[in-house]
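Written below as structure tokens is the structure these notes are about.
Number of protein chains: 2
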Amino acid sequence: MAQSIKTDACLNITTLDAKDIRWPTSLGAHGSDAMHTDPDYSCVYVTINTAEGTYGNGLTFTLGRGTDIVLLAVKAMKCHVENRTTASIYGNFASFWRDLTSESQLRWIGPEKGVTHLAVAAIINALWDLWGKIRGVPVWKLLTDMEPEELVSVIDFRYISDVLTPEEAINILKTSQHNRQTRIDELIAKGYPAYTTQVGWLGYSDDQIRTLCRKYLGAGFTAFKIKVGQNVDNDIKRCKLVREEIGWTNKLMVDANQIWDVNEAVEWMQHLKEFQLLWIEEPTSPDDVLGHKKIADALREHGIGVATGEMCCNRVMFKQFLQAGALDFCQIDSARIGGVNEILAVYLMAKKFNVKVCPHAGGVGLCEMVQHLQLWDYTSVSCTMADRLIEFVDQQHEQFVQPAVINDAARYVAPALPGYSTELKAEAIAMFEYPNGTEWKRMFADGTFQEKDY
Amino acid sequence: MAQSIKTDACLNITTLDAKDIRWPTSLGAHGSDAMHTDPDYSCVYVTINTAEGTYGNGLTFTLGRGTDIVLLAVKAMKCHVENRTTASIYGNFASFWRDLTSESQLRWIGPEKGVTHLAVAAIINALWDLWGKIRGVPVWKLLTDMEPEELVSVIDFRYISDVLTPEEAINILKTSQHNRQTRIDELIAKGYPAYTTQVGWLGYSDDQIRTLCRKYLGAGFTAFKIKVGQNVDNDIKRCKLVREEIGWTNKLMVDANQIWDVNEAVEWMQHLKEFQLLWIEEPTSPDDVLGHKKIADALREHGIGVATGEMCCNRVMFKQFLQAGALDFCQIDSARIGGVNEILAVYLMAKKFNVKVCPHAGGVGLCEMVQHLQLWDYTSVSCTMADRLIEFVDQQHEQFVQPAVINDAARYVAPALPGYSTELKAEAIAMFEYPNGTEWKRMFADGTFQEKDY
């Protein structure tokens, strides 16, 4: 295995800097859903600096309040990163990842879930951005260029070896090497299909929805997702309205954001079955593997798939969703489970169980990150785009130095620049760092927001 | 239902105070196990004050580093408690609990797991202590005295109604009312059986183990638990050693604290099957329902039960463990899932599936709290002590105003004083509040601890 590992320039990591950055998105009901009625899209933003000047950025997405809690968790972990060489991390990345997630005192307040795992994600994502910059390639290409043995060496197989061994993972990757260059060329030429969630946030009026359907149809989109779950009559009305706008050949998905109990989900969806829905997303608790299994079994006869994953807390939970046949669409989130290393394991398990991965995106920086992962899925894992789509939400991209770009055919353009596309613009930080950014000071001063609300 | 709800004195809550308190237990390897090698037993300690002077205390247990993160989460939630009346909370306790756990921005960094749910537990536990004091009874008696309708009204059934409805829960409690006074009298006269984990922490030497076995046998204990999982030969040696000391009529349990993968757990336990073990505790990831099911199925022929729960993050996970037949002993933890309200739901689901509840305890204040819950199980839910035991670890009790007490027959003495037994002594706080308590200042000054280690 050793000879397949590439030798990188070895940089000296000096500091890990972390910031709490929040945008006042609740003012426009952007991102509102059945459970998250007033999100202020936010992130903990990590910069890993090296003595040589190269740096890596990573983030985890949050909804406003609580960002400071995740920030404190990142700070509690930075001793694992500062004053190390990059070679000492990338050369033993799986064991570094385990040290970070299994720290003997901190793991009690997780383990591998919630605040501490969001913190891990921000740090690990920054390390992948840095690795891409060291090798001079975008992360999707970094992953694609790795030999199977090197790629698998970054994964911690703890708790998943009963379902996927390193040997099986290597075999999956080896089998998928056939014709890889053709797929790379295709991605660079044509990009990767996207769907939009921008047409139907719960806070939007009917007129807004119609206008947005037309806008995104005009932009080439053929797949649309709307939020449901607060009122069944309203959901029927909204589905009708969207179908009127987009017709019946385009894809329509709905998202309940965990509002229902198991039986309620099955019953509610009977009222929506006529709308030919590709999937119902997050019908119930993100922790309920057996509940999703029951829902998936009940909805199969209507041709409605079950999708979940954006709040699935780690690879152990994904393993069970896949084992149980509890989901049809696996929606990994790039900032909730512990960064790229753990996500790779989920893609490989999904491949083993023949489940389609359609990444969750939106928020802050999620589109920027997941495009890399899904491109790698196409070059190196599933090798197909059939019924696979990347979520696209047109928010916060302008905050990034290298924003995700959608082309005229409503496809993600393959990132060309080195790294993970995770660097925020300096002015975004200056304006929106919480609570001392210039925009927050202005909004507190003019009464747009009350500081006590946080 | 309304007429069965008791009317309490309505107090005016003024402030919620929260503190980070840590004991340097890592110095003696007390509490060390395969995954947590150097715990400093700690807690976030909550005091809810009222204008009338009555106050409630609650806590969540932590292991040192990270206690400040949970503290920050408690502070983010205190706006839900301060400046409210007690009646507005206890009169709609299930809906209060849901507001606390489903706060629209904070839930993203959970939901209902890890840091945020530990914070919920500390707050909710303090509210039960306060409620006990208002009614002038210990919490186990508060629970026992409630009419089924009132008790069930405090539970949020979200995500569990497919397995337990409020009506079923009420029926369970009604059926169990028969002969209740006899069981109450028995508990007051004789107490509730305990087992000890004090004889076999991984950091202990053989001599320490032998000495402790003799000490706890002398104290009347008939059930013993030791830590395993770092080295199979060492585990065999330690099991032999303990069996030599305690004989074969007494009960022996082992605890792996999540060290193994699923198949590894099954294989490892083949080497220990000769020791007639009542249970293997935490054989693998606390999130792996299907993995535990596989282990439980494999070990059944050897008469070894599977136990887990101390790191099970919420009622949705417990629901699945119970549904799947993945555990034989359900080890609720009083400070990890969201306090008493959620734990009541787990006891009722366990009753439905005929699974024995044997609470996790030890740490800081866990023995003090779980005794109340298990006493209620005997008076009002399972109504039996068959194969049921409360863990007892002889640590940190001296820090409490009303410590858990074990009688000469190694049974927990039923608490008699009002509340949840969760009040720390003033001098414990003065000495061990982190980092400014007198003991921490002394240890930083004399080099026993380095402040940078936190």
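Chain order of the listed sequences is A and R. With our numbering applied, the first sequence covers 1 to 454. With our numbering applied, the second sequence covers 1 to 454. For glycine and all other residues, C-beta sits at the position ideal for the given N, C-alpha and C. Everything numeric in this text was worked out from a predicted model, so none of it was measured.
Asked                                                                                                                                                                            : Found
Spatial neighbours of A:GLY437 within its chain, please: CB distance less than 7 angstroms, with the 5 preceding and 5 following residues excluded, ordered by chain position.   : ALA430 and MET431
Report the start-end ranges of each beta strand (DSSP E) in the segment 360 to 392 of chain A that is 3 residues or longer and not cut off at the edges.                         : 390 to 392
By alpha-carbon positions, which one of R:MET35, R:TYR55 and R:ALA73 ends up nearest to R:ASP20?                                                                                 : R:ALA73
How big is the Cα-Cα spacing for R:TRP279 and R:MET253?                                                                                                                          : 5 angstroms
Below 8 angstroms, how does it come out for the segment 391 to 398 of chain A and the segment 193 to 205 of chain A: are there three or more Cβ pairs, yes or no?                : yes
Taking 9 angstroms as the threshold (C-beta atoms), are R:GLY191 and R:TRP128 in contact?                                                                                        : no
Please report whether the beta-carbon of R:GLU391 lies at a distance below 9 angstroms from any beta-carbon of chain A.                                                          : no
With a threshold of 6 angstroms on Cβ separation, who are the neighbours of A:PRO465 within its own chain once the five nearest residues in sequence on each side are excluded?  : No statement about residue 465 of chain A is possible, as the shown extent of chain A runs from 1 to 454 and does not include it.
Counting only beta-carbon separations shorter than 9 angstroms, does A:VAL242 have a partner in chain R?                                                                         : no
Kindly indicate which residue of A:GLU103, A:LYS356, A:ILE155 and A:ASN12 has the alpha-carbon position closest to the one of A:ILE332.                                          : A:LYS356
Taking the alpha-carbon positions, what's the A:ARG158 to A:GLY338 distance?                                                                                                     : 13 angstroms
Which same chain residues, not among the five before or five after A:VAL120, have their C-beta less than 6 angstroms away from its C-beta?                                       : LEU100, THR101 and GLY338
For R:LEU272, which three-state DSSP category applies?                                                                                                                           : coil
As an exercise, report each continuous alpha helix (DSSP H) stretch of at least 4 residues that is fully enclosed by the segment 259 to 319 of chain R, in chain order.          : 262 to 270 and 289 to 299
Is the CB-CB distance between A:ASP255 and A:LYS225 below 9 angstroms?                                                                                                           : yes
Among residues of its own chain, excluding the 5 on either side of A:ASP38, which ones have a beta-carbon nearer than 6 angstroms to its beta-carbon?                            : SER26
Nearest chain R C-beta to A:MET1 closer than 9 angstroms, yes or no?                                                                                                             : A caution first: A:MET1 carries a pLDDT of 37, below 50, which makes its placement in the model unreliable, though a value can still be read off. Output row for A:MET1: interface = no.
Quick one: residues in its chain with C-beta nearer than 6 angstroms to the C-beta of A:PRO283, no 5 flanking neighbours on either side, listed in chain order?                  : ALA256, TRP260, ALA265 and ILE295
Buried or exposed: which applies to R:HIS36, given that a residue is buried once 16 or more other Cβ atoms fall within 10 Å of its Cβ?                                           : buried
How about the segment 395 to 404 of chain A and the segment 352 to 369 of chain A: do they share at least three Cβ pairs that are nearer than 8 angstroms?                       : yes
For R:THR116 and chain A, any beta-carbon pair shorter than 9 angstroms?                                                                                                         : yes
Whole angstroms is fine: what's the gap from R:TYR434's alpha carbon to R:ARG22's?                                                                                               : 6 angstroms
Using a threshold of 9 angstroms, state whether the C-beta atoms of A:GLY66 and R:LEU106 are closer than that.                                                                   : yes
Which bits of chain A does R:PRO111 rub up against, with CB to CB less than 9 angstroms?                                                                                         : MET35, GLY114, GLN258, SER285, PRO286, ASP287 and MET311
Quick one, are the C-beta atoms of A:LEU142 and A:GLY56 less than 9 angstroms apart?                                                                                             : no
On the DSSP bridge list, what partners appear for A:PRO193?                                                                                                                      : A:ARG411
For A:THR62, would you say it is in contact with chain R, using Cβ-to-Cβ distances shorter than 9 angstroms as the test?                                                         : yes
If you follow the alpha helix (DSSP H) that R:LEU127 is part of, which residue opens it and which one closes it?                                                                 : 114 to 135
Just mark A:GLN258 as buried or exposed, buried being the case when its beta carbon has 16 or more other beta carbons within 10 Å.                                               : buried
Taking Cβ to Cβ, would you say A:ASP328 is nearer than 9 angstroms to A:ALA307?                                                                                                  : yes
Counting pairs of Cβ atoms below 8 angstroms between the segment 217 to 234 of chain R and the segment 407 to 424 of chain R, do you hit three or more?                          : yes
Roughly how many whole angstroms lie between the Cα atoms of A:LEU272 and A:TYR41?                                                                                               : 30 angstroms
Can you check whether the C-beta of A:ALA121 is within less than 9 angstroms of a C-beta belonging to chain R?                                                                   : no
Taking all protein chains shown into account, do 16 or more other C-beta atoms lie within 10 angstroms of the C-beta of A:SER205, making it buried, or fewer, making it exposed? : exposed
Could you spell out the range, first to last residue, of the alpha helix (DSSP H) harbouring R:SER161?                                                                           : That residue, R:SER161, is in no alpha helix (DSSP H); it is neither H nor E in DSSP.
Compute the Euclidean distance between the alpha carbons of A:ALA2 and A:GLU150, then round it to the nearest angstrom.                                                          : Low confidence applies here, because A:ALA2 scores a pLDDT of 39, under 50, leaving its location unreliable and the question unanswered by this model.
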